[in-house]
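Student:
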Amino acid sequence: MERNRLLGALAALGLLLTLVGCGASSEHARTTPVGDPGPRRAAFDDMDVDQDATVTSTEFYGAIEGFYDDFDANQDGRLDHAETANGLYAAWDLDRDGAIDESELGRAVVAWFPSRIEVRFDQWDTSNDGALDRAELHAGLERVRVFAHYDGDDDGSVTDLELSDALFSYWDIDGDASLDALEWRWE
307 MERNRLLGAL AALGLLLTLV GCGASSEHAR TTPVGDPGPR RAAFDDMDVD QDATVTSTEF
367 YGAIEGFYDD FDANQDGRLD HAETANGLYA AWDLDRDGAI DESELGRAVV AWFPSRIEVR
427 FDQWDTSNDG ALDRAELHAG LERVRVFAHY DGDDDGSVTD LELSDALFSY WDIDGDASLD
487 ALEWRWE
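In terms of this note's numbering, the sequence shown is numbered consecutively and its last residue is 493.
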């Protein structure tokens, strides 16, 4: 049962990347239902442990723990710049082709960045080949200082709680310390 809950929660976090398309503003994309709500609703329900139709930061943190472990290559409980960038690269390469295209970057930006960060694919794709390699992604992440957004206490590393708090705050549009159906976009 616990394993199924964790797998469901990890799937929910993966859905963060596929919920929205490229081209819409971050704020609009975060509040607009997209496609079939069934999988998103199921993911939301898996994270909503107490089944009160909202996901609290504690419930969200419980869901992100396993996801964070995949990023933490040396398993020291803290992400450095390289682990963060490599983890994001792996998470954002939705089609697993070894590169991040414009659509994948657009979806990722909405899910993983605060809405105030603007990213243009053509500025990150310095080779102009229509795909980001690891070096281009790392450089782009440095330019927008994404690590600093995740590193809540500015100590040079990101803990699981810091990553969870950052991502949760990006999705909690109304600031009520919970995610509801509209914020999760299945209703």
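Cβ atoms here follow ideal geometry from the backbone N, Cα and C, with glycine treated the same way.
For the putative contact between tryptophan 418 and leucine 473, defined by C-beta atoms under 8 angstroms, what is the C-beta separation to the nearest angstrom?
Tutor: Right, the Cβ-Cβ distance comes to about 7 angstroms (below 8 angstroms), so this counts as a contact.
Student: DSSP beta-bridge partners for valine 361?
Tutor: DSSP lists Leu485 as partners of valine 361.
Student: Based on Cα-Cα distance, which residue from Glu448, Leu469, Arg449 and Thr362 lies nearest to glycine 458?
Tutor: Comparing Cα positions, the closest option is Leu469.
Student: With DSSP as the reference, identify every bridge partner of leucine 411, one or two as the case may be.
Tutor: In the DSSP output, where bridge partners are listed per residue, leucine 411 has none listed.
Student: Quick one, are the C-beta atoms of aspartate 431 and glutamate 442 less than 8 angstroms apart?
Tutor: In this structure, glutamate 442 lies closer than 8 angstroms to aspartate 431 by Cβ.
Student: With a threshold of 8 angstroms on Cβ separation, who are the neighbours of glycine 383 within its own chain once the five nearest residues in sequence on each side are excluded?
Tutor: Same-chain partners within the cutoff: Thr465 and Asp466.
Student: How would you call arginine 413, buried or exposed, if buried means at least 16 neighbouring beta carbons within 10 angstroms?
Tutor: The residue is buried, with at least 16 neighbouring Cβ atoms inside 10 Å.
Student: If you count every other CB in all the chains shown that lies within 10 Å of the CB of alanine 359, and 16 or more means buried, which is it?
Tutor: Exposed, since its Cβ has fewer than 16 Cβ neighbours within 10 Å.
Student: Ends of the alpha helix (DSSP H) at phenylalanine 474?
Tutor: Unbroken alpha helix (DSSP H) run through phenylalanine 474: 466 to 477.
Student: If contacts are defined as beta-carbon pairs under 8 angstroms, then serine 463 and aspartate 386 qualify, I think. What distance do you get, rounded to the angstrom?
Tutor: With a Cβ gap of about 6 angstroms, serine 463 and aspartate 386 count as contacting.
Student: With a Cβ-Cβ cutoff of 8 angstroms, do valine 373 and glutamate 389 count as a contact?
Tutor: The sequence shown places phenylalanine at residue 373, not valine. Not a contact, by the Cβ cut-off of 8 angstroms.
Student: Does DSSP classify glycine 400 as helix, strand or coil?
Tutor: The residue asked about is misnamed: residue 400 is leucine in this sequence, not glycine. Coil.
Student: Can the beta-carbon of leucine 411 be found less than 8 angstroms from the beta-carbon of leucine 447?
Tutor: Their beta carbons are not under 8 angstroms apart, which means leucine 411 does not touch leucine 447 by this criterion.
Student: Within the same chain, show all residues whose beta-carbon is closer than 6 angstroms to that of tryptophan 477, passing over the 5 residues directly before and after it, in chain order.
Tutor: Counting only Cβ-Cβ distances below 6 angstroms, and skipping sequence neighbours, we find Leu485 and Glu489.
Student: With a cut-off of 8 angstroms on the beta carbons, I'd call aspartate 354 and glutamate 365 a contact; round off their distance for me.
Tutor: Their Cβ separation, rounded to whole angstroms, is 6 angstroms, which keeps aspartate 354 and glutamate 365 in contact under 8 angstroms.
Student: From glycine 436 to valine 416, what does the alpha carbon distance come to, in whole angstroms?
Tutor: Roughly 20 angstroms between the two C-alpha positions.
Student: Using CA coordinates, which residue listed in Gly404, Pro420 and Arg440 is at the minimum distance from tyrosine 273?
Tutor: Since the first residue of the chain shown is 307 and the last is 493, residue 273 is not available in this structure.
Student: Judging by CA-CA distance, which residue of Gly481, Asp460 and Ala454 is the nearest neighbour of alanine 391?
Tutor: The residue with the shortest Cα to Cα distance from alanine 391 is Ala454.
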